[in-house]
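Below: one structure, written as structure tokens.
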Amino acid sequence: MTEQALQDELVDFQVLVKGQPLAELPKDLYIPPDALEVFLETFHGPLDLLLYLIRKHNIDILDIPIAEITNQYIAYVEMMKDMQLELAAEYLVMAATLAEIKSRMLLPRSSESDDEDEIDPRAELIRRLQLYEQFKQAALDLDDLPRVGRDTFDVVSGTPDWEKEKPLPDVDFQEMLLALSQALKRVDMTESHLIEREELTVREAMAYVLDAIKVDDFTDFSKLFRPETGRAGVIVTFLALLELLREQMIELVQAGPFAPIHVRAISDE
Amino acid sequence: MSEDIAIYHIVEGILFAADRPLTVKQLSELFDEGGRPDTKEIQAAIEQLQYDYKDRGVQCVKLASGYVFRVHEDLGPWVSKLWDEKPAKYSRAFLETLSIIAYRQPITRGEIEAIRGVAVNTQIVKTLIERNWIRVVGHKDVPGKPALLATTKDFLDYFNLSSLEGLPPLSEIKDLDEAAAQLEQEAAIEEQTQSEITLTAVSDEEPTDQLDAAS
Amino acid sequence: MSEDIAIYHIVEGILFAADRPLTVKQLSELFDEGGRPDTKEIQAAIEQLQYDYKDRGVQCVKLASGYVFRVHEDLGPWVSKLWDEKPAKYSRAFLETLSIIAYRQPITRGEIEAIRGVAVNTQIVKTLIERNWIRVVGHKDVPGKPALLATTKDFLDYFNLSSLEGLPPLSEIKDLDEAAAQLEQEAAIEEQTQSEITLTAVSDEEPTDQLDAAS
Numbered sequence: 001m002t003e004q005a006l007q008d009e010l011v012d013f014q015v016l017v018k019g020q021p022l023a024e025l026p027k028d029l030y031i032p033p034d035a036l037e038v039f040l041e042t043f044h045g046p047l048d049l050l051l052y053l054i055r056k057h058n059i060d061i062l063d064i065p066i067a068e069i070t071n072q073y074i075a076y077v078e079m080m081k082d083m084q085l086e087l088a089a090e091y092l093v094m095a096a097t098l099a100e101i102k103s104r105m106l107l108p109r110s111s112e113s114d115d116e117d118e119i120d121p122r123a124e125l126i127r128r129l130q131l132y133e134q135f136k137q138a139a140l141d142l143d144d145l146p147r148v149g150r151d152t153f154d155v156v157s158g159t160p161d162w163e164k165e166k167p168l169p170d171v172d173f174q175e176m177l178l179a180l181s182q183a184l185k186r187v188d189m190t191e192s193h194l195i196e197r198e199e200l201t202v203r204e205a206m207a208y209v210l211d212a213i214k215v216d217d218f219t220d221f222s223k224l225f226r227p228e229t230g231r232a233g234v235i236v237t238f239l240a241l242l243e244l245l246r247e248q249m250i251e252l253v254q255a256g257p258f259a260p261i262h263v264r265a266i267s268d269e
Numbered sequence: 001m002s003e004d005i006a007i008y009h010i011v012e013g014i015l016f017a018a019d020r021p022l023t024v025k026q027l028s029e030l031f032d033e034g035g036r037p038d039t040k041e042i043q044a045a046i047e048q049l050q051y052d053y054k055d056r057g058v059q060c061v062k063l064a065s066g067y068v069f070r071v072h073e074d075l076g077p078w079v080s081k082l083w084d085e086k087p088a089k090y091s092r093a094f095l096e097t098l099s100i101i102a103y104r105q106p107i108t109r110g111e112i113e114a115i116r117g118v119a120v121n122t123q124i125v126k127t128l129i130e131r132n133w134i135r136v137v138g139h140k141d142v143p144g145k146p147a148l149l150a151t152t153k154d155f156l157d158y159f160n161l162s163s164l165e166g167l168p169p170l171s172e173i174k175d176l177d178e179a180a181a182q183l184e185q186e187a188a189i190e191e192q193t194q195s196e197i198t199l200t201a202v203s204d205e206e207p208t209d210q211l212d213a214a215s
Numbered sequence: 001m002s003e004d005i006a007i008y009h010i011v012e013g014i015l016f017a018a019d020r021p022l023t024v025k026q027l028s029e030l031f032d033e034g035g036r037p038d039t040k041e042i043q044a045a046i047e048q049l050q051y052d053y054k055d056r057g058v059q060c061v062k063l064a065s066g067y068v069f070r071v072h073e074d075l076g077p078w079v080s081k082l083w084d085e086k087p088a089k090y091s092r093a094f095l096e097t098l099s100i101i102a103y104r105q106p107i108t109r110g111e112i113e114a115i116r117g118v119a120v121n122t123q124i125v126k127t128l129i130e131r132n133w134i135r136v137v138g139h140k141d142v143p144g145k146p147a148l149l150a151t152t153k154d155f156l157d158y159f160n161l162s163s164l165e166g167l168p169p170l171s172e173i174k175d176l177d178e179a180a181a182q183l184e185q186e187a188a189i190e191e192q193t194q195s196e197i198t199l200t201a202v203s204d205e206e207p208t209d210q211l212d213a214a215s
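Residue numbers (my numbering), protein chains in the order written: chain R, 1 to 269; chain Y, 1 to 215; chain C, 1 to 215.
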């Protein structure tokens with residue numbers, strides 16, 4: 001489309017300003033057709049286009065000359081249609097809204113109705129335009145904030161080669177039990193009677209005794225019994241001693257009848 | 001550096017080595033339990049650092065997710081040359097959508113559309129979620145249960161903000177009722193304003209027919 | 001920071017942002033040709049930075065491949081905790097061995113092998129002893145005099161047990177993995193809020209029934 005053709009077409013729209021057909025294209029339309037397409041594509045919806053028209057003509061958003069703006073809006077929308085730009089339905093909805101406002105404003109003011117209740121037909125549109133403009137500005141402000149990778153950058157300094165302490169793995173108690181349960185599953189379950197719970201206390205006492213006694217020296221037999229463990233504890237310790245004796249892990253020595261008994265671990269040599 | 005290392009030197013080293021912002025709590029947890037400074041001491045160390053670095057090329061800044069050392073924003077033109085990639089630019093639609101979510105959160109897509117006057121680009125919302133700048137914080141209790149979108153700490157961190165309060169204030173909107181009242185008053189005073197003339201004149205012309213057809 | 005940014009501030013920002021050491025030449029190339037400082041000026045800027053940072057937690061050091069800001073070496077004990085990687089997990093064989101020692105102590109390696117049906121890895125026993133969870137409490141008086149292994153107080157402490165009696169009875173353990181597997185499955189099926197309720201319900205009921213049946 002040549003510039004002349006564009007102008008002709010625009011004249012066909014009979015763009016009116018203050019009631020007079022526009023003799024010339026609005027200044028902002030004097031752009032090469034290629035650029036025009038790009039230009040029209042930059043509008044982000046009907047509110048954006050309307051705001052552009054309002055700002056371009058230095059009109060107070062609170063006092064929009066609705067007829068003039070409507071005509072210009074339609075002209076732009078028609079242009080977009082002609083250029084076969086993808087025209088969102090919202091543009092057409094806005095055209096209808098503008099037309100409605102325009103017709104309501106043409107209705108004679110009824111002198112009977114309460115003036116205070118009468119709302120300016122443009123009020124809702126003005127509200128939407130203001131709200132949109134507010135966020136249009138907010139988007140620009142947001143873009144101006146210093147942001148990572150453009151204005152500011154994260155600092156990550158290297159370090160000398162420290163010998164890193166290797167942390168020890170954590171073990172979850174349940175996890176350990178689960179492992180045991182799986183191990184038990186693998187072996188013949190009939191063998192499990194070997195590891196009955198009842199034995200535990202005895203086994204614990206066996207470990208205790210082994211820990212308390214020495215290989216190279218005798219330990220007083222009576223010292224191995226901890227009164228604080230109660231009667232059961234004493235019995236368990238005694239059973240542990242018998243078990244250790246049976247397994248030939250300890251030896252008991254008594255110098256004579258009723259003499260103190262001494263315990264010694266059997267040397268592993 | 002002396003044997004007895006000052007807390008602020010330790011905090012300094014940690015913040016420089018860290019690849020993420022650290023809170024006062026996270027900083028204190030890096031000390032051994034025996035010699036762990038309390039919150040106040042860590043806070044004082046950070047203040048010391050912020051003071052020490054205030055005129056330097058890097059600064060200790062407070063972000064939403066903690067403290068971090070960042071290169072001074074004025075140095076962007078030089079530092080960005082370190083990488084071949086040009087810093088990302090965002091489209092207006094992207095920035096508008098993000099702004100509306102930031103200022104009006106939690107908000108539904110429908111509500112964003114109402115403000116912008118056009119459908120919300122699905123790809124934009126997807127990108128914002130993928131970058132972890134926004135997330136779904138719930139669902140509005142209206143038919144369709146639309147998702148409620150809100151910004152994240154990552155969003156604030158990216159824009160060097162410690163909280164939403166740091167966002168630039170929204171431009172003021174003139175009170176509508178006031179404006180409307182004023183308009184009416186003006187209309188009442190002016191018997192035959194030019195706009196009315198214009199309106200009448202225009203109504204006789206073609207565009208009106210077009211609009212009628214469209215509506 | 002002033003309008004007219006000092007060279008050493010620019011160099012400072014660049015070195016802090018860079019993910020690699022930079023030579024004087026590389027640094028100078030990041031300036032626009034018009035206002036590119038010469039080698040001497042860059043060198044002077046680096047010397048200034050080295051002086052400014054000599055008592056700080058980070059320092060400007062020269063490496064073979066260029067200049068870089070690096071955390072002071074004295075800060076190792078604190079800074080290295082930052083990337084305490086999640087410790088590796090112990091193998092199942094490790095856990096099995098430990099649990100068998102716990103239940104069957106004192107026990108020889110041969111006996112553990114008899115229960116597990118596979119040889120006991122020397123490294124596992126070594127690790128367990130290093131961690132001070134088990135120790136050699138004696139030697140069995142059989143040919144070869146094998147060491148008798150038993151758990152330690154550290155082992156009990158780690159698992160918050162006051163004595164070995166705190167270990168659950170073996171009869172309960174047998175079906176533990178089934179119960180666990182079921183729990184996991186349930187958890188995977190369940191979504192969000194309801195999961196908590198369900199999990200509670202599951203842990204209260206099903207596994208108990210199973211255990212009752214097993215005992």
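Cβ atoms here follow ideal geometry from the backbone N, Cα and C, with glycine treated the same way.
Close-in-space but distant-in-sequence residues of the same chain around residue i (CB under 7 Å, 5 per side omitted)
| i | result |
| --- | --- |
| residue 110 of chain C | 146 |
| residue 15 of chain C | 22, 60, 67, 68 and 69 |
| residue 152 of chain R | 146 |
Backbone CA spacing between residue i and residue j [nearest angstrom]
| i | j | result |
| --- | --- | --- |
| residue 149 of chain C | residue 149 of chain R | 58 Å |
| residue 21 of chain Y | residue 119 of chain Y | 36 Å |
| residue 60 of chain Y | residue 129 of chain Y | 28 Å |
| residue 224 of chain R | residue 135 of chain C | 20 Å |
| residue 105 of chain Y | residue 52 of chain Y | 37 Å |
| residue 142 of chain Y | residue 100 of chain C | 59 Å |
| residue 236 of chain R | residue 207 of chain R | 12 Å |
| residue 125 of chain Y | residue 85 of chain R | 24 Å |
| residue 108 of chain C | residue 138 of chain C | 10 Å |
| residue 37 of chain R | residue 142 of chain R | 28 Å |
| residue 42 of chain Y | residue 34 of chain Y | 15 Å |
| residue 120 of chain R | residue 89 of chain R | 26 Å |
| residue 59 of chain R | residue 82 of chain R | 28 Å |
Proximal residues to residue i (C-beta, below 6 Å), its chain only, five neighbours per side dropped
| i | result |
| --- | --- |
| residue 23 of chain Y | 66 |
| residue 45 of chain Y | 7, 8 and 11 |
| residue 12 of chain R | With a pLDDT of only 38 at residue 12 of chain R, under 50, the local geometry of the prediction cannot be trusted, and no value is derived from it. |
| residue 254 of chain C | Residue 254 of chain C cannot be examined here, being either before or after the span of chain C that is shown, 1 to 215. |
| residue 67 of chain R | 102 |
Residue i classed as buried or exposed, judged by whether at least 16 other C-beta atoms fall within 10 angstroms
| i | result |
| --- | --- |
| residue 91 of chain R | buried |
| residue 55 of chain Y | exposed |
| residue 122 of chain Y | exposed |
| residue 76 of chain R | buried |
| residue 75 of chain C | buried |
| residue 183 of chain R | buried |
| residue 98 of chain R | buried |
| residue 138 of chain R | buried |
| residue 248 of chain R | exposed |
Three-state class that DSSP yields for residue i in the structure shown
| i | result |
| --- | --- |
| residue 165 of chain C | helix |
| residue 145 of chain R | coil |
| residue 61 of chain C | strand |
| residue 9 of chain Y | helix |
| residue 237 of chain Y | Outside the shown range of chain Y (1 to 215) lies residue 237 of chain Y, about which nothing can therefore be said. |
| residue 174 of chain R | helix |
| residue 52 of chain C | helix |
| residue 239 of chain R | helix |
| residue 74 of chain C | helix |
| residue 19 of chain Y | coil |
Close Cβ partners of residue i (< 8 Å) along its chain, the five nearest in sequence each way excluded
| i | result |
| --- | --- |
| residue 250 of chain R | 209, 210, 213, 241, 244, 263, 264, 265 and 266 |
| residue 102 of chain Y | 151, 155, 164 and 167 |
Inset, instruction - With 9 Å as the limit, tell me which residues of the stretch 159–170 of chain C have their beta carbon closer than that to any beta carbon of chain R; keep them in chain order. - result: Within the stretch 159–170 of chain C, the qualifying residues are 159, 160, 161, 163, 164, 165, 167, 168, 169 and 170.
Legend entry - Residues of the stretch 5–29 of chain C whose Cβ lies closer than 8 Å to any Cβ of chain R, in chain order: Only those residues of the stretch 5–29 of chain C whose C-beta falls short of 8 Å from the nearest C-beta of chain R are listed: 13, 16, 17 and 19.
Inset, instruction - With 7 Å as the C-beta to C-beta threshold (strictly closer), list the residues of the stretch 198–217 of chain R near chain C in chain order. - result: Taking 7 Å as the Cβ-Cβ cut-off against chain C, the residues of the stretch 198–217 of chain R that qualify are 200, 201, 203, 204, 206, 207, 210 and 211.
Legend entry - Residues within the stretch 136–158 of chain Y neighbouring chain C, beta-carbon criterion of under 8 Å: Here the close residues number zero.
Inset, instruction - With 8 Å as the C-beta to C-beta threshold (strictly closer), list the residues of the stretch 54–76 of chain Y near chain C in chain order. - result: Result list: 55, 56, 57, 58, 69, 71, 72, 74 and 75.
Inset, instruction - Taking a Cβ distance cut-off of 8 Å, strictly less, list which residues of the stretch 172–185 of chain R are near chain C, in chain order. - result: Within the stretch 172–185 of chain R, the residues whose Cβ lies closer than 8 Å to some Cβ of chain C are 173, 174, 175, 176, 177, 178, 179, 180, 181, 182, 183, 184 and 185, listed in chain order.
Legend entry - Against chain C: residues of the stretch 77–105 of chain Y by CB proximity under 7 Å: Correct list: 78, 79, 81 and 82.
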